[in-house]
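When you line the sequence shown up against numbering that gives the first Met the number 0, it's residues 0 to 100, in that order. All C-beta atoms in this analysis are idealised placements derived from N, C-alpha and C, irrespective of residue type, glycine included. Note that the structure is predicted; figures quoted are calculated from it, not measured. For reference, the structure discussed in these notes is given below.
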Amino acid sequence: MKINGVLYENITKVMGKARAAIRKISGERPATCETLTLKYGEDGRSACGARESAIYYIDRTSGVLYSDECGGTEADYGYYSDGRIYGQYSGAGLNFTNPCR
(Lines of atoms letter the chains of each structure in order from A and count residues from 1; the text may use other names and numbers.)
(Lines give C-alpha, C1' and ligand atoms only; values in the text may rest on other atoms or scores of the structure.)
Protein backbone atom coordinates (compact mmCIF):
# COMPACT_ATOMS: atom_id res chain seq x y z
CA MET A 1 0.00 0.00 0.00
CA LYS A 2 1.21 3.48 -0.80
CA ILE A 3 0.29 6.71 0.94
CA ASN A 4 1.01 9.80 -1.16
CA GLY A 5 3.38 7.73 -3.28
CA VAL A 6 5.38 6.36 -0.33
CA LEU A 7 5.28 2.66 0.54
CA TYR A 8 3.56 2.13 3.89
CA GLU A 9 6.50 -0.04 5.03
CA ASN A 10 8.83 2.96 4.66
CA ILE A 11 6.76 5.29 6.84
CA THR A 12 8.01 5.51 10.43
CA LYS A 13 5.82 8.35 11.76
CA VAL A 14 2.62 10.13 10.80
CA MET A 15 1.98 13.50 12.42
CA GLY A 16 4.30 12.59 15.29
CA LYS A 17 2.77 9.14 15.95
CA ALA A 18 4.84 6.02 15.48
CA ARG A 19 3.63 3.85 12.63
CA ALA A 20 3.04 0.95 15.03
CA ALA A 21 0.49 3.08 16.93
CA ILE A 22 -1.62 3.70 13.82
CA ARG A 23 -4.28 1.04 13.32
CA LYS A 24 -6.63 2.65 10.82
CA ILE A 25 -6.06 4.64 7.68
CA SER A 26 -9.22 5.84 6.03
CA GLY A 27 -9.77 6.74 2.46
CA GLU A 28 -11.47 5.32 -0.57
CA ARG A 29 -12.75 1.83 -0.13
CA PRO A 30 -11.36 -0.88 -2.39
CA ALA A 31 -13.93 -1.97 -4.92
CA THR A 32 -13.03 -5.65 -4.89
CA CYS A 33 -13.53 -6.83 -1.30
CA GLU A 34 -14.76 -10.32 -0.56
CA THR A 35 -16.17 -11.36 2.83
CA LEU A 36 -14.50 -14.36 4.51
CA THR A 37 -15.19 -16.23 7.75
CA LEU A 38 -11.80 -17.17 9.20
CA LYS A 39 -10.04 -18.40 12.30
CA TYR A 40 -6.78 -16.75 13.43
CA GLY A 41 -3.64 -18.22 15.00
CA GLU A 42 0.05 -17.61 15.59
CA ASP A 43 0.83 -20.62 13.38
CA GLY A 44 -1.04 -22.89 11.00
CA ARG A 45 -1.91 -25.50 13.62
CA SER A 46 -3.44 -22.95 16.01
CA ALA A 47 -5.37 -21.29 13.17
CA CYS A 48 -6.84 -24.63 12.11
CA GLY A 49 -7.68 -25.56 15.70
CA ALA A 50 -9.09 -22.22 16.81
CA ARG A 51 -12.62 -22.49 18.21
CA GLU A 52 -13.83 -19.02 17.29
CA SER A 53 -14.03 -17.47 13.86
CA ALA A 54 -14.62 -13.91 12.71
CA ILE A 55 -15.64 -12.05 9.58
CA TYR A 56 -12.79 -10.53 7.53
CA TYR A 57 -12.71 -8.62 4.27
CA ILE A 58 -10.06 -9.09 1.60
CA ASP A 59 -9.32 -6.74 -1.27
CA ARG A 60 -8.34 -9.12 -4.06
CA THR A 61 -6.70 -6.28 -6.01
CA SER A 62 -4.26 -5.15 -3.31
CA GLY A 63 -4.21 -8.33 -1.22
CA VAL A 64 -4.98 -6.41 2.00
CA LEU A 65 -7.01 -8.27 4.63
CA TYR A 66 -9.26 -6.09 6.80
CA SER A 67 -10.67 -6.95 10.21
CA ASP A 68 -13.58 -4.52 10.55
CA GLU A 69 -14.75 -3.37 7.15
CA CYS A 70 -13.59 -3.24 3.57
CA GLY A 71 -10.97 -0.48 3.47
CA GLY A 72 -10.91 -0.18 7.27
CA THR A 73 -8.41 -1.63 9.75
CA GLU A 74 -5.83 -4.00 8.34
CA ALA A 75 -5.96 -7.42 9.99
CA ASP A 76 -3.14 -8.68 12.20
CA TYR A 77 -0.33 -10.52 10.51
CA GLY A 78 -0.40 -14.23 11.23
CA TYR A 79 -2.11 -17.39 10.10
CA TYR A 80 -5.74 -17.72 9.02
CA SER A 81 -7.85 -20.78 8.35
CA ASP A 82 -11.29 -21.56 7.01
CA GLY A 83 -11.22 -24.84 8.94
CA ARG A 84 -10.07 -26.96 5.99
CA ILE A 85 -6.96 -25.11 4.77
CA TYR A 86 -4.75 -22.34 6.14
CA GLY A 87 -2.43 -19.62 4.92
CA GLN A 88 -0.21 -16.86 6.21
CA TYR A 89 -1.05 -13.16 5.94
CA SER A 90 1.76 -10.63 6.06
CA GLY A 91 0.29 -7.67 4.23
CA ALA A 92 0.58 -8.95 0.69
CA GLY A 93 -2.28 -11.36 0.16
CA LEU A 94 -3.63 -14.46 1.80
CA ASN A 95 -2.99 -17.70 -0.01
CA PHE A 96 -4.54 -20.83 1.39
CA THR A 97 -2.14 -23.55 0.34
CA ASN A 98 -1.80 -25.83 3.36
CA PRO A 99 -4.37 -28.41 4.50
CA CYS A 100 -5.44 -28.51 8.14
CA ARG A 101 -4.59 -31.83 9.79
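Determine whether the beta carbon atoms of residue i and residue j lie at a separation below 8 Å.
{"i": "Gly77", "j": "Cys99", "result": "no"}
{"i": "Tyr85", "j": "Cys47", "result": "yes"}
{"i": "Glu73", "j": "Leu64", "result": "yes"}
{"i": "Gly92", "j": "Gly62", "result": "yes"}
{"i": "Thr34", "j": "Ile10", "result": "no"}
Who are the near neighbours of residue i in its chain, counting only those whose CB is closer than 6 Å to its CB and skipping five residues on each side?
{"i": "Ala49", "result": "Lys38, Gly40"}
{"i": "Ser89", "result": "Tyr76"}
{"i": "Gly43", "result": "Tyr78, Tyr85, Asn97"}
{"i": "Phe95", "result": "Ile84, Gly86"}
Skipping 5 residues on each side, what residues in its chain have a beta carbon closer than 8 Å to that of residue i?
{"i": "Thr36", "result": "Ser52, Ala53, Ile54, Tyr55, Asp81"}
As an exercise, report each continuous beta strand (DSSP E) stretch of at least 3 residues that is fully enclosed by the stretch 26-71, in chain order. Runs found: 32-40, 53-58.
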